[in-house]
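S.K.: Numbers 690 to 1164, taken from our numbering, label the letters of the sequence shown in order.
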Amino acid sequence: MMRQPIRQRYLLTRSPATLALALALIAGGCASLDPTPDIGRAASTIGDRSGVTPAWTEPWEAALTMWDGRSPLTREAALVMALRNNREIRSRVEQIAASRADLVQAGLLPNPVLGLTLRFPVDPVSGGTFIGASVVQSFTALWLRDGKVKAADARLNQTVLDVSDKALRLVADVKATHARIAFGERALALSDENLATIRRSIDSLDARVRGGEGTTLDVNRARQQLAKSEAERALVARDLAKERRVMLELIGFAAESAEWSVDAAGSMPLATPIDESGAVALALTQRLDVAAARSVVTAQQADLSTEEKSRLRDFGLGADFERETDGSKSLGPVLEVGIPIFDTNAAQIAKAGSLARVALASYEAASQRAVREARTAWIDLDTASRLTEQYRATVLALSERNLTLAEAALKSGQADVTVLLDAQRELIEARRTLLDLERDGALAAIELERAAGGSTAAPVESKAGGAKEPPAREP
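1. Relative to the C-alpha of V1023, which residue among S827, T742, G1143 is closest?
2. Work out the CA separation of A752 and M936 for me, nearest whole Å.
3. According to DSSP, is A822 part of a helix, a strand, or is it coil?
4. Thinking C-beta only, is A1131 closer than 8 Å to A968?
5. Kindly give me the distance between the Cβ atoms of S788 and L833, rounded to whole angstroms, as I take these residues to be in contact under 8 Å.
6. Return the CA-CA distance between A1055 and E750, expressed in angstroms with no decimal places.
7. Taking the Cβ atom as the reference point for each residue, do A871 and V951 lie within a distance shorter than 8 Å?
8. Where does D1069 fall in DSSP's three states?
9. Does the distance from the CB of S890 to the CB of R922 come in under 8 Å?
10. How is the alpha helix (DSSP H) around F872 delimited, first residue to last?
11. Please classify V741: does DSSP put it in a helix, a strand, or coil?
12. CA-CA distance, L906 and V898?
13. Considering Cα atoms alone, identify which of D1032, S984, D854 is closest to L1001.
14. Count the other C-beta atoms from every protein chain shown that fall within 10 angstroms of the C-beta of K1100, then say buried if there are 16 or more, exposed otherwise.
15. By alpha-carbon positions, which one of P761, E783, V986, Y1052 ends up nearest to A954?
16. Go ahead and pull the three-state DSSP assignment for P1022.
17. Taking 8 Å as the cut-off, decide whether the C-beta atoms of L768 and S721 are in contact.
18. Looking at the structure shown, is T806 part of a helix, part of a strand, or coil, going by DSSP?
19. To the nearest angstrom, report how far apart Q1113 and Q914 are at their CA atoms.
20. So what does G1007 bridge to, in DSSP terms?
21. Measure the beta-carbon distance from G1190 to A1035 and round it to whole angstroms, keeping in mind my assumption that it falls under 8 Å.
22. Can you check whether the CB of L1116 is closer than 8 Å to the CB of L1092?
23. Quick one: what's got a C-beta closer than 7 Å to R875's C-beta in the same chain, skipping five residues either side?
24. As a quick exercise: from G1142, D978, T763, A1097, pick the residue whose alpha carbon is nearest that of I940.
25. Report the partner residues of V951 according to the DSSP bridge assignment.
26. For S946, count neighbouring Cβ atoms within 10 angstroms of its own Cβ and tell me buried if that reaches 16, exposed if not.
27. Which parts of the stretch 1032 to 1095 are runs of the alpha helix (DSSP H), unbroken and 4 residues or longer, counting only runs that do not cross its ends?
28. Just confirm the distance between the C-beta atoms of V852 and A731, as a whole number of angstroms; I'd bet it's less than 8 Å.
29. Note down the Cα distance separating D737 from I1068, rounded to an integer number of angstroms.
30. Output needed for T742: all residues of its chain with C-beta closer than 6 Å, excluding positions within five of it in sequence on either side, in chain order.
31. Can you list, in chain order, the residues of its chain with a C-beta nearer than 7 Å to that of A930? Leave out the 5 residues immediately preceding and following it.
32. Could you check what DSSP says for L1132 in three-state terms: helix, strand or coil?
33. Just to confirm before moving on: does the CB-CB distance between L1109 and E1118 stay below 8 Å?
34. Just checking, does the stretch 969 to 976 make contact with the stretch 798 to 805 on the three C-beta pairs under 8 Å criterion?
35. List the endpoints of the continuous alpha helix (DSSP H) containing G967.
36. Taking the alpha-carbon positions, what's the L772 to V860 distance?
Here is the structure:
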């Protein structure tokens, strides 16, 4: 019995596959998975615009360490704790690491495919054993790599900008909540002063009744005013308690005691720092949500370019090497090409073009929204600032003067108790309205700061990027 020669066949990639593997190693080695520089870029932007640099490389606190939970809470301490401990913003910071991983992945070439074949003859007499091996490397990613890397880099930048924008919104929320607590405490103190004034009036009216100069009706009307003021004080205390609990959530300790006060420094209303056109200019150059929308435009345009280059989706090179048992050898190339007969990638190109146009329209919408928010915030602050000064100089001053005159008229018998009660009520309302105007001014200043991109000072070069114009080409 003659033994059939055993034929061995090998499909091996030589120089093309070796080059592809080298490129893959180089591409993977040049990109780092460490998101620390990207997180630092976002933190630096927050520090430049808010004055507080987040400690995002450190874990959040498990217990209060920066503040004892009893002493007056300063705005700066609240900001530091919120940026470090707020769980929502920390979850968004982790998205930076995911986007960094996507960027690294976009720069990698696909792994070569190793195929092994081993076939045995059914009848050992009729044939020998066949052994085959193949290593196939796809080269399509070589001309798609730049577009994918550009898109992933733009999305990483968008994530950094989005995290920075959300952090600035957290800063604004903390400032606004701190201001509401400060003004709530002032409103509570004002309510106590008003109650003390009404009680003194009741004592005076009681004395007049005992002296035969007044009636029980006068005392009852004053007591009615007292009961109403006590109910209003209870509502003020309720709102203050709720705001304190909101602050505890913002700084990452929602379950802590709410029996504390705030240091009111930094919570008072500010004069209008810029004019309306300046607010618009800052919004267009500093708003990070607008810059993030611009990065989405860049990413979608890169995706469109990638899809346009993807009509030929499969292209591989290799080499075919055969060696017979008698020592004869043969060598030849192997080419693998996907023929675009049924799928020419037209649908994906159309989809990518549509998404690019959506991104461009969304960028324009974000710009329009930023301008509107800056303008309305400026109007609120300008109006509140002017009304506060006007109200303090006129309405409050007249109310205080009228109360003095009413007390004197009542003592001299020139007016009845109705005049006194009306004067007291008007003064209470004037004080409450003035406090509301001051609170509105403080909140408007905070909102203008946020609407302008985190700061109303002269714009600085942001490491996270500013809100510039997108590419002029519309896909």
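Cβ coordinates follow ideal geometry from the N, Cα and C atoms, glycine included.
Fair warning: this is a prediction, and the values are worked out from it, not measured in the lab.
M.R.: If we stick to the structure as given:
1. S827
2. 16 Å
3. strand
4. Result no, Cβ atoms of A968 and A1131 do not sit closer than 8 Å.
5. The Cβ separation is near 19 Å, so there is no contact.
6. 35 Å
7. Yes; because the gap between Cβ atoms is below 8 Å, this pair is in contact.
8. Three-state DSSP puts D1069 in a helix.
9. no
10. 829 to 899
11. DSSP places V741 outside both helix and strand once states are collapsed to three, so it counts as coil.
12. 10 Å
13. D1032
14. K1100 should be labelled exposed.
15. P761
16. Strand.
17. no
18. strand
19. Their backbone Cα atoms lie some 10 Å apart in a straight line.
20. Bridge partners of G1007: V1023.
21. Past the edges of the chain, shown from 690 to 1164, lies residue 1190, and the structure says nothing about it.
22. yes
23. Same-chain partners within the cutoff: L1124.
24. T763
25. L762
26. exposed
27. 1035 to 1080
28. 5 Å
29. 26 Å
30. A732, G736
31. Here the set comprises A947.
32. helix
33. The answer is no: Cβ separation not under 8 Å.
34. no
35. 965 to 975
36. 8 Å
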